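First the structure, in the form of structure tokens, and then the observations on it.
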Amino acid sequence: MVTANRPISLLRLDAINITNPRARGKKSFQDIVDSIKSVGLKRPITVTTRNVDESAFTHDLVCGQGRIEAFRLLGQTEIPAFVIEATDAEALLKGLVENCARRYHTAYDLLRDIGRLKESNYS
562 MVTANRPISL LRLDAINITN PRARGKKSFQ DIVDSIKSVG LKRPITVTTR
612 NVDESAFTHD LVCGQGRIEA FRLLGQTEIP AFVIEATDAE ALLKGLVENC
662 ARRYHTAYDL LRDIGRLKES NYS
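Just so we're aligned, residue 562 is where the sequence shown starts under the numbering used here, counting upward by one.
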């Protein structure tokens, strides 16, 4: 499957590592679940592929934690995903940008993410 010249892969949920977990309210999460249940997934999640050892790959989540959790609640085992190449700092920045565009961030969330960017020498 391809969207806007970006291929979409179907990934096992248990192969995706949520590297920057966030809490969300029950209402906003239920809205995600209800939307996916009624109309399907509107936008695939975004992940990076990382070589863990010489024989195994894992995917690190860039953005889409709520969608992953909704898929799990709905009994799914796989989810459509954009797989991108990015350093840890680039992935964190992409996730931060998407989350800022989609929802309200607490000051704590923003400061934590900015701190992680600084730790990665991203200025």
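All C-beta atoms, glycine included, are put in the ideal place defined by N, C-alpha and C. Model, not experiment: these values are computed from the prediction.
- prompt: Hey, how far is the Cα of HIS620 from the Cα of ALA647?
  reply: 12 Å
Contact test: LEU602 Cβ vs the ligand HEM heavy atom, cutoff 6 Å: Looking for the ligand HEM in the displayed structure turns up nothing, as the structure carries no ligands at all.
- prompt: Can you find at least 3 beta carbon pairs, one from the region 668-682 and one from the region 633-641, that sit closer than 8 Å?
  reply: no
message: Could you check whether the Cβ of GLN591 sits closer than 7 Å to any Cβ belonging to chain C?
response: The structure shown contains no chain C, having only a single protein chain.
query: Could you check where the alpha helix (DSSP H) with GLU630 kicks off and where it finishes?
result: 626-634
field: Range of the contiguous alpha helix (DSSP H) that encloses SER668
entry: According to the sequence shown, residue 668 is Ala rather than Ser. From DSSP, the alpha helix (DSSP H) with ALA668 extends over 668-680.
task: If I'm right that LYS655 touches CYS624 with Cβ under 8 Å, what's the distance once you round it to whole angstroms?
output: 7 Å
- request: My understanding is that THR607 touches ILE645, with C-beta atoms under 8 Å, so please give their C-beta distance in whole angstroms.
  value: 6 Å
- prompt: Three-state secondary structure (DSSP) at ALA584?
  reply: coil
- request: State the beta-bridge partners of ARG604 as determined by DSSP.
  value: In the DSSP output, where bridge partners are listed per residue, ARG604 has none listed.
- request: Out of GLU680, GLY676 and ILE577, state which residue places its alpha-carbon closest to the alpha-carbon of THR609.
  value: ILE577
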